[in-house]
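The structure appears below as structure tokens.
2 protein chains.
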Amino acid sequence: MKLESILLGVLARHPSTGYDLKKYLDTHGRFLRSNTQMSQVYRSLGKMEASGWVIHTVQQRAGATDAKTYRITDEGMTVFLDWLTGPYSPPTRFQDPDFGTRLAFAGFMTREQLLRLIDIELTARHEQVARYRFRDRREAVDTSAAFDEDLATLVAEWSHEAGAQAIDAYLERLETLRRVLLDAPENAKAPDLLLLLRDAR
Amino acid sequence: MKLESILLGVLARHPSTGYDLKKYLDTHGRFLRSNTQMSQVYRSLGKMEASGWVIHTVQQRAGATDAKTYRITDEGMTVFLDWLTGPYSPPTRFQDPDFGTRLAFAGFMTREQLLRLIDIELTARHEQVARYRFRDRREAVDTSAAFDEDLATLVAEWSHEAGAQAIDAYLERLETLRRVLLDAPENAKAPDLLLLLRDAR
DNA sequence: CTTAGCCATTCCACTTGTGGCATGCATCGT
DNA sequence: ACGATGCATGCCACAAGTGGAATGGCTAAG
Numbered sequence: 001m002k003l004e005s006i007l008l009g010v011l012a013r014h015p016s017t018g019y020d021l022k023k024y025l026d027t028h029g030r031f032l033r034s035n036t037q038m039s040q041v042y043r044s045l046g047k048m049e050a051s052g053w054v055i056h057t058v059q060q061r062a063g064a065t066d067a068k069t070y071r072i073t074d075e076g077m078t079v080f081l082d083w084l085t086g087p088y089s090p091p092t093r094f095q096d097p098d099f100g101t102r103l104a105f106a107g108f109m110t111r112e113q114l115l116r117l118i119d120i121e122l123t124a125r126h127e128q129v130a131r132y133r134f135r136d137r138r139e140a141v142d143t144s145a146a147f148d149e150d151l152a153t154l155v156a157e158w159s160h161e162a163g164a165q166a167i168d169a170y171l172e173r174l175e176t177l178r179r180v181l182l183d184a185p186e187n188a189k190a191p192d193l194l195l196l197l198r199d200a201r
Numbered sequence: 001m002k003l004e005s006i007l008l009g010v011l012a013r014h015p016s017t018g019y020d021l022k023k024y025l026d027t028h029g030r031f032l033r034s035n036t037q038m039s040q041v042y043r044s045l046g047k048m049e050a051s052g053w054v055i056h057t058v059q060q061r062a063g064a065t066d067a068k069t070y071r072i073t074d075e076g077m078t079v080f081l082d083w084l085t086g087p088y089s090p091p092t093r094f095q096d097p098d099f100g101t102r103l104a105f106a107g108f109m110t111r112e113q114l115l116r117l118i119d120i121e122l123t124a125r126h127e128q129v130a131r132y133r134f135r136d137r138r139e140a141v142d143t144s145a146a147f148d149e150d151l152a153t154l155v156a157e158w159s160h161e162a163g164a165q166a167i168d169a170y171l172e173r174l175e176t177l178r179r180v181l182l183d184a185p186e187n188a189k190a191p192d193l194l195l196l197l198r199d200a201r
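Structure follows, in structure tokens:
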């Protein structure tokens, strides 16, 4: 479902071949998914076609393998939009791409839907910070093999600080986006929005 | 292999039941993996036992379900250490837990091994930044359905900036850790290391 | 001329992960 | 007294992802 959502999102913007989609995942979409296999893309495409979410037409390429251009169907569009604007439950790791994937297709949302999504993410992460930030991080030890406690402590401390800083920065940035979306006039165009974003930092 | 590596790492520090391991994944290990299912933990444990990487002993708990305490075998320790210090290829997304998972078990590494790992990560990410930072981010458009270009542009710009800032901060923090590891005297103890870390910020 | 890389798809055998169900006792708060 | 939560395991069907091989033409650089 997750790869499929991405593929549907791309196809909702323009028809593509399997190869194109793989290229998207390796370039523009590289933060949405790590190391996606060709085979996985083609298999998803096949499954989606069987479900009636996409259809393909064949492009002959003299000599070479025929290329199949996939386009999204109305049904596929419905499925995609249902996923995009449907319920979102934040994964444990804020670094996971679930939220970012939805953002990548923000253009298909209304400003209200986008704000709702952001609010869900924000409350979930704030709650997480509140629950864990000052929690004891020591772990029970009883190590048999060679284990460098000093090294482990250093790295654990660094990891915790790095994680805390990362999530704090993340929350701050998200709040900024939220602010811009709330403050911007209803009919603001892209250049003005970008200016607002710059000022809000 | 990935869940198994984590479980082996935990078991390398102390014996645990399946339930304990799941709890670890939900608390201390929450940044290593999102939403792990109980069934997945028990299945991995079963498979690892079949491979001879772990063994279990049964704890009777009057009335309640017996608890199985798993401990790592020598073979399991070898497998774990091979994974930990073996070749690491950075995933596309720097937010993926692969690197962090290894760091979580830094205590089982020597300082040199840890530094090698950090150097691999650092070069890979620097290279990524160099390749993509100033790349054109515009995507070909040909959207049929309702698509708010202005909203999409705003969010895309925000995402890019957020991503850039996140990876920059990440690189900086990693460099700091690297510095501390390089500069610290061979026999430095945890409190001194933490002081160095604090000063290095 | 040759090698490398891009374009393009498909198949296959696995391995992993998801989500839910079933069981059953103990403890703690209301 | 009741319900939630924690402890503890296991089974199942199904969905998704991994990693590699096979095929074959095109183009550009060395």
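Protein sequence lines correspond, in order, to chains V and R. According to the working numbering, the first sequence is numbered sequentially starting from 1. According to the working numbering, the second sequence is numbered sequentially starting from 1. Using N, Cα and C, we set each Cβ at its ideal position, and we do this for glycine too. Given the structure is predicted, the values throughout are model-derived calculations rather than measurements.
Check whether residue i and residue j have beta carbons under 9 Å apart
i, j, result
"Leu25/V", "Arg33/V", "yes"
"Leu8/V", "Val54/V", "yes"
"Leu122/V", "Leu174/V", "yes"
"Ala104/R", "Ser159/V", "yes"
"Arg71/R", "Tyr88/R", "no"
"Ala164/R", "Arg131/R", "no"
"Ala156/V", "Arg135/V", "no"
"Gly76/V", "Met48/V", "yes"
Presumed contact (8 Å Cβ cut-off) between residue i and residue j, rounded CB distance
i, j, result
"Ala67/V", "Thr17/V", "5 Å"
"Phe222/V", "Tyr42/V", "In the structure displayed, chain V extends from 1 to 201; residue 222/V sits before or after that span and is not available."
"Gly107/V", "Leu151/R", "6 Å"
"Glu213/V", "Ala190/R", "Look at the range of chain V in this structure, 1 to 201, and you will see that residue 213/V is not part of it."
"Leu115/V", "Arg178/V", "7 Å"
"Leu193/V", "Leu194/R", "Between Leu194/R and Leu193/V the Cβ distance is about 44 Å, and since that is not below 8 Å, they are no contact."
"Gly52/V", "Thr73/V", "6 Å"
CB contact check: residue i to chain V, cutoff 9 Å
i, result
"Ala190/R", "yes"
"Pro259/R", "It is not possible to answer for residue 259/R, since the shown part of chain R is limited to 1 through 201."
"Ser39/R", "no"
"Leu21/R", "no"
"Gln95/R", "yes"
"Gln165/R", "yes"
"His56/R", "no"
"Tyr42/R", "no"
"Ser5/R", "no"
"Glu127/R", "no"
"Gly46/R", "no"
"Arg116/R", "no"
"Pro185/R", "no"
"Glu149/R", "yes"
Residue i - containing beta strand (DSSP E), residue span
i, result
"Val54/R", "54 to 59"
"Ala67/V", "67 to 72"
Any C-beta of chain R under 9 Å from that of residue i
i, result
"Arg133/V", "no"
"Trp53/V", "no"
"Asp70/V", "Going by the sequence as given, residue 70/V is Tyr instead of Asp. Answer no: the Cβ-Cβ gap between Tyr70/V and chain R never drops below 9 Å."
"Val226/V", "Because chain V is modelled from 1 through 201, residue 226/V falls outside the range shown and cannot be assessed."
"Glu205/V", "Residue 205/V lies beyond the residue range present for chain V, which begins at 1 and ends at 201; the question has no answer from this structure."
"Ser34/V", "yes"
"Val180/V", "yes"
"Gly18/V", "no"
"Ala104/V", "yes"
"Ala124/V", "no"
"Asp26/V", "yes"
"Leu171/V", "no"
Residue i: first and last residue of the uninterrupted alpha helix (DSSP H) it sits in
i, result
"Gly18/R", "18 to 26"
"Asp113/V", "For clarity, residue 113/V is Gln in the given sequence; the question names Asp instead. Its alpha helix (DSSP H) spans residues 111 to 132."
"Asp199/V", "190 to 200"
"Gly100/V", "98 to 104"
"Arg137/R", "First-last for Arg137/R: undefined, no H or E at that position."
"Asp183/R", "149 to 183"
"Gln40/V", "38 to 50"
"Glu4/V", "2 to 13"
Cutoff 7 Å; reference residue i; Cβ partners in own chain excluding five residues on either side
i, result
"Thr57/V", "Thr69"
"Lys23/V", "none"
"Thr85/V", "Met109, Gln113"
"Val10/R", "Ser16, Leu21, Tyr24"
"Gln60/R", "Asp66"
"Ala124/V", "Pro90"
"Val129/V", "Ile167"
"Phe31/V", "Pro97, Gly100"
Residues near residue i by beta carbon distance below 8 Å, same chain, minus five either side
i, result
"Ser5/R", "Phe80, Trp83, Leu84, Thr101"
"Leu196/R", "Val180, Asp183, Ala184, Ala188"
"Leu3/R", "Arg33, Thr36, Gln40, Val41, Ser44"
"Glu161/V", "none"
Same chain, Cβ closer than 6 Å to residue i, five either side skipped, listed in chain order
i, result
"Asp98/V", "Pro91"
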